[in-house]
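There are 2 protein chains.
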Amino acid sequence: MARLVMKFGGTSVASVERIRNVARHVKREVDAGFEVAVVVSAMSGKTNELVGWVEDASKLHDKREYDAVVASGEQVTSGLLAIALQEIGVPARSWQGWQIPVETSDAHGSARIENIDGSRIVEGFSRKEVAVVAGFQGVHAASGRITTLGRGGSDTSAVAIAAAIHADRCDIYTDVDGVYTTDPRIVPKARRLDRVAFEEMLEMASLGAKVLQVRSVEVAMVHKIKTFVRSSFDDPADPKPGTLICDEEDILEQQVVTGIAFSKDEAQITLRRVADKPGVAAAIFGPLADANINVDMIIQVVSDDQKTTDMTFTVVTADFERAKALLEKHKAEIAFGELQGATDVVKISAIGIGMRSHAGIAARAFKALADKGINIRAITTSEIKFSVLIDKDYTELAVRTLHSLYGLDKA
Amino acid sequence: MARLVMKFGGTSVASVERIRNVARHVKREVDAGFEVAVVVSAMSGKTNELVGWVEDASKLHDKREYDAVVASGEQVTSGLLAIALQEIGVPARSWQGWQIPVETSDAHGSARIENIDGSRIVEGFSRKEVAVVAGFQGVHAASGRITTLGRGGSDTSAVAIAAAIHADRCDIYTDVDGVYTTDPRIVPKARRLDRVAFEEMLEMASLGAKVLQVRSVEVAMVHKIKTFVRSSFDDPADPKPGTLICDEEDILEQQVVTGIAFSKDEAQITLRRVADKPGVAAAIFGPLADANINVDMIIQVVSDDQKTTDMTFTVVTADFERAKALLEKHKAEIAFGELQGATDVVKISAIGIGMRSHAGIAARAFKALADKGINIRAITTSEIKFSVLIDKDYTELAVRTLHSLYGLDKA
Chain L
425 MARLVMKFGG TSVASVERIR NVARHVKREV DAGFEVAVVV SAMSGKTNEL VGWVEDASKL
485 HDKREYDAVV ASGEQVTSGL LAIALQEIGV PARSWQGWQI PVETSDAHGS ARIENIDGSR
545 IVEGFSRKEV AVVAGFQGVH AASGRITTLG RGGSDTSAVA IAAAIHADRC DIYTDVDGVY
605 TTDPRIVPKA RRLDRVAFEE MLEMASLGAK VLQVRSVEVA MVHKIKTFVR SSFDDPADPK
665 PGTLICDEED ILEQQVVTGI AFSKDEAQIT LRRVADKPGV AAAIFGPLAD ANINVDMIIQ
725 VVSDDQKTTD MTFTVVTADF ERAKALLEKH KAEIAFGELQ GATDVVKISA IGIGMRSHAG
785 IAARAFKALA DKGINIRAIT TSEIKFSVLI DKDYTELAVR TLHSLYGLDK A
Chain V
425 MARLVMKFGG TSVASVERIR NVARHVKREV DAGFEVAVVV SAMSGKTNEL VGWVEDASKL
485 HDKREYDAVV ASGEQVTSGL LAIALQEIGV PARSWQGWQI PVETSDAHGS ARIENIDGSR
545 IVEGFSRKEV AVVAGFQGVH AASGRITTLG RGGSDTSAVA IAAAIHADRC DIYTDVDGVY
605 TTDPRIVPKA RRLDRVAFEE MLEMASLGAK VLQVRSVEVA MVHKIKTFVR SSFDDPADPK
665 PGTLICDEED ILEQQVVTGI AFSKDEAQIT LRRVADKPGV AAAIFGPLAD ANINVDMIIQ
725 VVSDDQKTTD MTFTVVTADF ERAKALLEKH KAEIAFGELQ GATDVVKISA IGIGMRSHAG
785 IAARAFKALA DKGINIRAIT TSEIKFSVLI DKDYTELAVR TLHSLYGLDK A
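Sequence order for the protein chains is L and V.
According to this note's numbering, the first sequence is numbered sequentially starting from 425.
According to this note's numbering, the second sequence is numbered sequentially starting from 425.
Structure, rendered in structure tokens:
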């Protein structure tokens, strides 16, 4: 019998009425003959409420206790959905992470799934029982303590459960009806994609598209889980298919560029007049790496005097102040003239597996942006994407320009 | 080293600010050299919110899912209190029922504790760690599913944990500062008792005093746990001792009557003109027992015609409609003339271990109530208490009359 994992996020389970609607979506698939495991998030707003209490209790709180508190949100929805399913005649039971168990590392607050025993869920299928799994949570086997996977972790729970029970498909229900060529709130001409390749989705999620947690796409890619992104707000009796995330071989008409992503969560740091000698990059980036600060785009420009260089790079906004302080502390070793920082920047990225076989894709973008008077502060490229860092004020203009340039606008 | 269990109810942990106050109470005892396990309820109002969602999802809900949902309330407070304790320098960790484990029966929604393994909590003591235990919840060992103990169950959790870790004392912190001779809202002259015997407390709790769950007193009595009822609203730096519940041998000056309890949760049923023949009581009470309806006071009066009898008894209000319907259904077998019911009644009880050695205690009450023009509808007595059923309108007058009669008024 075909096996299906369905995942519902916070807005989809925001009230008992919404949970009843989710139950109708699940019943449709059960009636169609699927063995179903459902993964649920906490009611929207609940996780923020719980996190608020934890932070009120202590700014420097024990992450293990944070996890015990915050995991309770998913516990509530899993029980409520099991009840709502039984109410419409669908046998169901809730599963907490420790009951399955979903074993994770002990990195509380952002634990990684290490092993899932799917056998008890599969046993339930033989009793015609839908498994309602509390997402986002697991247990550290050695200590027996509750762990959580970090924000958006329920997506990862769903895909990992799908791998553990050898599901034929994983449907991620959300408040949008699929993956778009870019954010439709910025580009009204954005189109919903019927299919997108795992690699593309991974880049899109990493580069700012918020529809799926990055880690969940990695897990889906490794285990080759066919994953749909679709809307829980569709009529349960007549839902739309959404967007399929799949192997690139399963995509017939490949576009050169599939989507445009953007991230405002970037900050730029420029070190002026750094001595242009071997070992300077290590002197700059070594201390940042030691402090777990991730550096993204890096460009180096020889300055006017030909003896020094200007070094520009980006970090996520949350690390900006810490990075600046650290560099000032190491100013003597690095030997730079001046530190300049900017947070009024945005990173715009174009993603597409077609870039592998087409040259000059990025060059067309540089010209199109220049024609609009948009100055590019930094550039990075990789096999299937390129990114440019520009002034935040030009976000919408730049995204629309690239979206049109690569033929992504709706007909 | 002396070992202590401290239990805090819902109003004591109603907010992060209140939880911080609880942490200060715990720190005081740790600083005094105690090894401490703390048992917490859910934040007040939370359990009702969770129960409301469950009932909204389904009137006839699966009790196992009810337990999974409702137990989340205590999970939240246990984590928050552990964090609040760490914040003021007291090492602490939270314990869920399944982590200890607190093993219970599978009577979901009102499970009974069957076994508690206290060893991991005691191990924590050797690391100077306060154990913060989520009250009210346990786990059914065979199924691995979460159970709850029923309303007020955290009191029972606390006393049972005290027995499991061989605690020297169990302090139940609540929103009142001890056990009173009667409800001070009705009798301003009510006095706080310094000590009350287990047997008396058991009767008081059973007969309407709401300060402790009945089951918790049973467990304390069986395991001879010295239990204090005291106020969490006292200054943590200067708390009052509250009321000690203890063996009767530990009470030096025994009163004949220790307290007056009352319960408005009673309904009266009278069957008129029942045939006065052997087997009639079985015909009446058999079907009620089969339906799990508990019958309390029973009186039988031969009626005017000398051939039939009137049978009066009480049930709790929640069972009233069900009991009436059941009796009407069995009307032919029982052969009664008419069924009369009343819910405008109250049961007033006087409790005291001194009654064992003093005759005529109840008789004095009957006269005193008659002098005030209060009609007695039914009477029951046992070794250390007697109860009278009267019109609800006379509740305050009757309680005040008996309170004065037995010398319980404040000096």
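Idealized CB from N, CA, C, for every residue including glycine.
Note that the structure is a prediction, hence the values are computed from the model and not measured.
7 Å Cβ cutoff, residue i in contact with chain L
i                  : result
Asp-480 of chain V : yes
His-485 of chain V : yes
Glu-527 of chain V : no
Gly-513 of chain V : no
Ser-436 of chain V : no
Leu-573 of chain V : no
Gly-469 of chain V : no
Ala-588 of chain V : no
Val-446 of chain V : no
Ala-565 of chain V : no
Val-464 of chain V : no
7 Å Cβ cutoff, residue i in contact with chain V
i                  : result
Ser-518 of chain L : yes
Asp-618 of chain L : no
Gly-568 of chain L : yes
Glu-489 of chain L : yes
Leu-509 of chain L : no
Ala-759 of chain L : no
Val-500 of chain L : yes
Gln-561 of chain L : no
Gly-521 of chain L : no
Ala-531 of chain L : no
Leu-821 of chain L : no
Gly-503 of chain L : yes
Arg-550 of chain L : Arg is not the amino acid found at residue 550 of chain L; the sequence shown has Ser there. Chain V contact via Cβ: absent.
Ser-496 of chain L : yes
Ala-506 of chain L : yes
Val-643 of chain L : no
Ala-492 of chain L : yes
Among the options, nearest to residue i - alpha-carbon criterion
i                  : options                                       : result
Gln-499 of chain V : V:Ala-508, V:Met-467 and V:Arg-488            : V:Met-467
Ala-555 of chain V : V:Val-643, V:Ile-570 and V:Ala-461            : V:Ala-461
Glu-757 of chain L : L:Ile-708, L:Ile-775, L:Val-725 and L:Ala-783 : L:Ile-708
Ala-774 of chain L : L:Ala-629, L:Phe-657, L:Ile-545 and L:Arg-517 : L:Ala-629
Gly-542 of chain L : L:Ala-591, L:Val-603, L:Ala-447 and L:Ala-565 : L:Ala-591
Lys-470 of chain L : L:Asp-659, L:Thr-435 and L:Ala-633            : L:Thr-435
Glu-459 of chain V : V:Asn-472, V:Met-430 and V:Ala-438            : V:Met-430
Phe-737 of chain V : V:Ile-803, V:Asp-491 and V:Lys-731            : V:Ile-803
Lys-809 of chain V : V:Ile-785, V:Asp-658, V:Val-823 and V:His-647 : V:Ile-785
Pro-692 of chain L : L:Lys-748, L:Ala-644 and L:Asp-480            : Looking at the sequence itself, residue 692 of chain L is Gln, so the reference to Pro does not match. Looking at the Cα atoms, L:Lys-748 is the closest of the given residues.
Gly-778 of chain L : L:Glu-672, L:Lys-755 and L:Val-704            : L:Glu-672
Ala-759 of chain V : V:Phe-652, V:Ala-621, V:Gly-703 and V:Ala-766 : V:Gly-703
Val-739 of chain V : V:Ile-443, V:Lys-688 and V:Val-698            : V:Lys-688
Gly-576 of chain L : L:Pro-665, L:Leu-712, L:Gly-568 and L:Arg-536 : L:Arg-536
Arg-788 of chain L : L:Ala-766, L:Glu-473, L:Leu-829 and L:Lys-755 : L:Leu-829
Ser-581 of chain V : V:Asp-720, V:Gly-521 and V:Ser-439            : V:Gly-521
Beta-bridge partners of residue i, as assigned by DSSP
i                  : result
Val-563 of chain L : L:Glu-527 and L:Ile-570
Asp-815 of chain L : L:Val-769
Asp-734 of chain L : L:Val-725
Ala-461 of chain V : V:Val-429 and V:Ala-555
Trp-519 of chain V : V:Val-557
Gln-692 of chain V : V:Thr-738 and V:Ala-766
Phe-686 of chain V : V:Ile-772
Ala-652 of chain L : Correcting the residue identity first, residue 652 of chain L is Phe in this sequence and not Ala. Phe-652 of chain L pairs with L:Asp-595 and L:Leu-668.
Asn-539 of chain L : L:Glu-527
8 Å contact criterion, which residue i and residue j should meet: CB distance rounded
i                  : j                  : result
Leu-631 of chain L : Ser-811 of chain L : 7 Å
Leu-695 of chain V : Leu-763 of chain V : 6 Å
Ile-540 of chain V : Ala-588 of chain V : 4 Å
Gln-679 of chain V : Gly-776 of chain V : 6 Å
Asp-599 of chain V : Arg-654 of chain V : Asp-599 of chain V to Arg-654 of chain V, Cβ: 11 Å. No contact.
The ligand HEM heavy atom lying under 6 Å from the CB of residue i
i                  : result
Ile-723 of chain L : Among the ligands in the structure shown, none appear at all, so the ligand HEM cannot be discussed.
Item to check | Uninterrupted alpha helix (DSSP H) stretches inside the stretch 462-505 of chain L (no shorter than 4 residues) | outcome: List check, alpha helix (DSSP H) in window: 470-481 and 487-494.
Checklist entry - Which runs of the beta strand (DSSP E) fall wholly inside the stretch 774-813 of chain L and span at least 3 residues, in chain order? => result 802-806
Checklist entry - Along the chain, which unbroken stretches of the beta strand (DSSP E) at least 3 residues long are found entirely within the stretch 591-634 of chain V? => result 593-598 and 619-621
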